[in-house]
Amino acid sequence: MMTQTDLLIIGAGPAGCSAAIYAVRAGIKTVIAGGSVPGGQLLQTSEIENYAGFVNPVGGYEIMDAMHKQCKRLGVEFTPDEVEKIEGEHTPFTVTCKGGKIYQATSVIIATGAKARWLGLAEEEKFKGHGLSACATCDGFFMRGKEVCVVGGGNTAFEDALFLSQFCPKVSIIHRREGFRADQVTVDQVKKNPKIQLVLNSVPEKIIGTDKVEGVQVKNVKTGESTVIPCAGLFVAIGAVPQTDFLKNSLVALADNGLVLADERTHTTIEGIFAAGDCTDKYYRQAIIAAGSGAKAGIEAAAFINKNR
Ligand SMILES: Cc1cc2nc3c(=O)[nH]c(=O)nc-3n(C[C@H](O)[C@H](O)[C@H](O)COP(=O)(O)OP(=O)(O)OC[C@H]3O[C@@H](n4cnc5c(N)ncnc54)[C@H](O)[C@@H]3O)c2cc1C
């Protein structure tokens, strides 16, 4: 059976919820298909200190629970469906979910987020949120006055190290090669910073600590020698994977890195399909930015639907 709706939003994180709030308040029948983790990445963190409007740190669950309740109060419908494919060159679009449920929607917003890439070490799960983080912008401030390590050799790792050096006495960048993918200007800034040391040709092999991170054991890939770098924080900056695999056979264009290609008004390459949040964001990947771009997508989708009723 096919379910009709004006707008189908794929993803129930900050981008999807914010898009829904704007659309439903513009009189649009809105359904959010939230997938296996309705609430998104913020559910993985217990302390958020940089989302405007909260005096004290707030839990990720609390923020997302409030967003979902706000959506429901306004009339947004939630389903736990996980979308498998979007079909159609123009409106209306056919959206098929795992389990076979099918939606026909005048417009679609893709807000499926991204997943941090981790190192694959056995102890990782235990230390996430206890000194191990994939987001220096989010968690760096909790490390003020402490020694930290950053893993990676691209712009994110180098910019994270510069950011952390503002309030951490020592920052070690652990990188598996001698060459970097980061811009030369940023590399030069890092090299000039007396608080940052480069640990090259090295890979983390073990996180040390009882309840929280106390150090990281690294192996030099040239000599085979292992050493321990004491640190209270270990920031993994080796990229994020956009959750866009389900779009690979659709007409919505993706960049080489898997991000959905969307313009500054959230329009994708298919008229009537919009994209917002981390699945489009190469640079920021922050909840407030995802929510802001979701709001844009909600406004744009509402305008599109009103034109095509
Ligand atoms: C540990 C951690 C700590 C963080 N701390 C902060 C912080 O302090 N401050 C901050 O601003 N940001 C923080 N972030 C980043 C923030 O969580 C993200 O920027 C934000 O959640 C992105 O929102 P989004 O809606 O784009 O995507 P997400 O939050 O990733 O939500 C995506 C949604 O899409 C759904 N989905 C995916 N694929 C499908 C599919 N095929 N069908 C249906 N649904 C699907 C998922 O289930 C999920 O509901 C943190 C992230 C992590 C991992």
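Residue numbers (my numbering): 2 to 310.
Note that beta-carbon positions come from the ideal geometry of N, C-alpha and C, so glycine has one too.
Query                                                                                                                                                               : Result
Can you tell me which of the three DSSP states Pro205 falls into?                                                                                                   : strand
Tell me the residue span of the alpha helix (DSSP H) that contains Met3.                                                                                            : Met3 -> not in any alpha helix (DSSP H); beta strand (DSSP E) instead, spanning 3-11.
Taking the beta carbon of Asp140 as the centre, do at least 16 other beta carbons fall within 10 Å, making it buried, or is it exposed?                             : buried
Looking at the strands, I want to know which residues DSSP matches up with Cys98.                                                                                   : Val84
Any heavy atom of ligand 1 closer than 7 Å to the CB of Val1?                                                                                                       : No information on residue 1 is available, as it lies outside the stretch 2 to 310 that the chain covers here.
Is the segment 86-105 close to the segment 46-59, with three or more CB pairs under 8 Å?                                                                            : no
For ligand 1, is there a heavy atom less than 7 Å away from the beta-carbon of Phe55?                                                                               : no
Taking 7 Å as the cut-off, is the CB of Thr46 close to at least one heavy atom of ligand 3?                                                                         : For the structure depicted, ligand 3 is absent and the ligand set comprises only ligand 1.
What residue from Gly225, Thr6, Ile10, Pro15 has the CA that sits closest to Arg286's CA?                                                                           : Pro15
Which value, in whole angstroms, describes the spacing of the CA atoms of Ala137 and Leu165?                                                                        : 7 Å
Output the residue ranges of the beta strand (DSSP E) runs that lie fully inside the segment 177-203 and measure 3 residues or longer, sorted by chain position.    : 197-200
Is it true that the CB of Lys147 sits closer than 8 Å to the CB of Ala233?                                                                                          : yes
Would you say the beta carbon of Cys232 comes nearer than 7 Å to a heavy atom of ligand 1?                                                                          : no
For Gly240, which residues from the same chain have a beta carbon less than 6 Å from its beta carbon, with the 5 sequence-adjacent residues on both sides left out? : Arg118
Assign Glu301 to buried or exposed, taking buried as 16 or more other Cβ atoms, counted over all protein chains shown, within 10 Å of its Cβ.                       : buried
Mark Gln185 as exposed unless 16 or more other C-beta atoms lie within 10 angstroms of its C-beta, in which case mark it buried.                                    : exposed
Can we count Thr267 as close to ligand 1, meaning its CB is less than 7 Å from some heavy atom?                                                                     : no
With a Cβ-Cβ cutoff of 8 Å, do Ile64 and Ile49 count as a contact?                                                                                                  : yes
Indicate whether the contact test is met: 3 or more Cβ pairs, each with one atom in the segment 270-286 and one in the segment 14-28, closer than 8 Å.              : yes
On the three-pair Cβ rule with 8 Å, is the segment 163-180 touching the segment 195-202?                                                                            : yes
Using 8 Å for Cβ pairs, my map puts Gly41 next to Gly114. What's the rounded Cβ distance?                                                                           : 5 Å
Looking at the structure shown, is Asn221 part of a helix, part of a strand, or coil, going by DSSP?                                                                : strand
For Tyr284, count neighbouring Cβ atoms within 10 angstroms of its own Cβ and tell me buried if that reaches 16, exposed if not.                                    : exposed
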